[in-house]
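*Asks:* In this note's numbering, the protein residues as written are 8 to 273. For every residue, glycine included, the Cβ atom is placed at its ideal position computed from N, Cα and C. Predicted, not measured: the structure shown is a model, and the values here were computed from it. Got a structure here, written out as structure tokens. Questions coming.
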Ligand code: NCD
């Protein structure tokens, strides 16, 4: 497996690499591909991928451009796994998020999932919302005006038959959530925050919000977090984000196994 990362990563890259090693495979990695590859010399992504697939059986790619994974897949003769394409998608995170919801709560169709924070640039939100739409999950979206879920995606969820609502503050919806999916502001993806402050009580957990939550509400976060989840919440049994990160290992092991060594009848 080649792990070709043009953007920083802790969980995604380490869990993919640990997965491949645990399955008995090998890993070749570059964690700063923009500098430590011929991209630095002006090589195009398709040319790099055409070369890399001569040496690898599967490519895990994280890139800063929306749509880059599809471009890479078109140039590759081996499977390309999208490990995040800029503000676009993060499908393997969605798989581990869905697995976490199944483990922690049960049937995704019966949950009310509340997404909070930077829903415009948050690729994990985009991919998980699309995946949950396949189950008809009821979804709410809490963000400041400038960071709302892209309208096209909102319409896609409605067209899929989901009940969706948008809110300006978490206070309005915390008490009815089965899952609260927190996110950080993707500061690196836009120039000017334009006065947007996400660390206030509208988009961060506070003792009041935690008291309003149901006893079995599950709090998830793709991590890394900033101030939206204070560390005092970590010992609360409802804090599922490190269990969620652990699930990344199992789900990525399953994905690699399925891609490289599928059951004979499939
Ligand atoms: C996220 C990512 O890179 O999109 N992290 C992850 O992969 N678990 C979330 C983020 O960067 O905020």
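Quick check on DSSP: helix, strand or coil for residue 156?
*Replies:* Coil at residue 156, not helix or strand.
*Asks:* According to the neighbour-count rule (16 or more other Cβ atoms, all chains shown, within 10 Å of its Cβ), is residue 84 buried or exposed?
*Replies:* Classification of residue 84: exposed, given that the 10 Å Cβ count is below 16.
*Asks:* Note down the Cα distance separating residue 52 from residue 67, rounded to an integer number of angstroms.
*Replies:* Spanning the two alpha carbons is a distance of roughly 13 angstroms.
*Asks:* Tell me whether residue 182 is buried or exposed, calling it buried when 16 or more other Cβ atoms sit within 10 Å of its Cβ.
*Replies:* Label assigned to residue 182: exposed.
*Asks:* My parser needs the beta strand (DSSP E) runs of 3 or more residues fully inside the region 21–56; what are they?
*Replies:* Segments of the beta strand (DSSP E) lying fully in the region 21–56: 35–37.
*Asks:* Report yes if the CB atom of residue 116 is closer than 8 angstroms to the CB atom of residue 142, and no otherwise.
*Replies:* Cβ distance < 8 angstroms, so residue 116 and residue 142 count as in contact.
*Asks:* With a cut-off of 8 angstroms on the beta carbons, I'd call residue 123 and residue 177 a contact; round off their distance for me.
*Replies:* Yes, residue 123 and residue 177 are in contact; Cβ-Cβ is about 6 angstroms, under 8 angstroms.
*Asks:* Could you compute how far the alpha carbon of residue 28 sits from the alpha carbon of residue 257?
*Replies:* Roughly 12 angstroms separates the two Cα atoms.
*Asks:* Out of 111, 69, 59 and 163, state which residue places its alpha-carbon closest to the alpha-carbon of residue 222.
*Replies:* Out of 111, 69, 59 and 163, 111 has the C-alpha closest to the C-alpha of residue 222.
*Asks:* Hey, is residue 36 close to ligand 1, as in C-beta under 7 angstroms from one of its heavy atoms?
*Replies:* No, the beta carbon of residue 36 sits no closer than 7 angstroms to any heavy atom of ligand 1.
*Asks:* First and last residue of the beta strand (DSSP E) that includes residue 119?
*Replies:* 119–123 is the extent of the beta strand (DSSP E) around residue 119.
*Asks:* Given a cut-off of 8 angstroms on the beta-carbon distance, is the pair residue 97 and residue 13 in contact?
*Replies:* Their beta carbons are not under 8 angstroms apart, which means residue 97 does not touch residue 13 by this criterion.
*Asks:* What are the start and end residues of the beta strand (DSSP E) that includes residue 245?
*Replies:* From DSSP, residue 245 is part of no beta strand (DSSP E); its letter is neither H nor E.
*Asks:* Any heavy atom of ligand 1 closer than 7 angstroms to the beta-carbon of residue 97?
*Replies:* Under cutoff, so the answer is yes.
*Asks:* Any chance the CB of residue 262 is under 7 angstroms from a heavy atom of ligand 1?
*Replies:* Because no heavy atom of ligand 1 lies under 7 angstroms away, the Cβ of residue 262 does not count as near it: no.
*Asks:* Residues bridged to residue 146 by DSSP?
*Replies:* Answer is 120 and 171, bridged to residue 146.
*Asks:* If you reduce the DSSP assignment to three classes, tell me which class residue 133 lands in.
*Replies:* Three-state DSSP puts residue 133 in a helix.
*Asks:* Whole angstroms is fine: what's the gap from residue 268's alpha carbon to residue 88's?
*Replies:* In a straight line, the C-alpha of residue 268 is about 15 angstroms away from that of residue 88.
*Asks:* Buried or exposed: which applies to residue 172, given that a residue is buried once 16 or more other Cβ atoms fall within 10 Å of its Cβ?
*Replies:* With fewer than 16 Cβ atoms within 10 Å of its Cβ, residue 172 is classed as exposed.
*Asks:* Is residue 260 helix, strand or coil by DSSP?
*Replies:* Three-state DSSP puts residue 260 in a helix.
*Asks:* Could you give the distance in angstroms between the alpha-carbon of residue 25 and the alpha-carbon of residue 108?
*Replies:* The alpha-carbon atoms of residue 25 and residue 108 are separated by roughly 23 angstroms.
*Asks:* Pick helix, strand or coil for residue 2, following the three-state DSSP scheme.
*Replies:* Lying outside 8 to 273, the shown extent of the chain, residue 2 is not represented and no answer is given.
*Asks:* Flag residue 239 as yes when its Cβ comes closer than 7 angstroms to any non-hydrogen atom of ligand 3, and as no otherwise.
*Replies:* This structure lacks ligand 3; its bound ligands are ligand 1.
*Asks:* Taking the alpha-carbon positions, what's the residue 139 to residue 129 distance?
*Replies:* If I take the Cα positions, the gap works out to 16 angstroms.
*Asks:* Can you list, in chain order, the residues of its chain with a C-beta nearer than 7 angstroms to that of residue 252? Leave out the 5 residues immediately preceding and following it.
*Replies:* 18 and 230, listed in sequence order.
*Asks:* Do residue 193 and ligand 1 come close, with the Cβ less than 7 angstroms from some heavy atom?
*Replies:* Residue 193: yes, Cβ under 7 angstroms from ligand 1.
*Asks:* So, for residue 4: in the same chain, excluding its five sequence neighbours on each side, which residues have a beta-carbon less than 7 angstroms away from its beta-carbon?
*Replies:* The shown model of the chain, from 8 to 273, leaves out residue 4, and the question about it has no answer.
*Asks:* Rounded to whole angstroms, how far is the Cβ of residue 184 from the Cβ of residue 227, which I believe are closer than 8 angstroms?
*Replies:* About 11 angstroms; that fails the 8 angstroms criterion.
*Asks:* For a test of the three-state rule: what should DSSP assign to residue 87, helix, strand or coil?
*Replies:* Three-state result, residue 87: strand.
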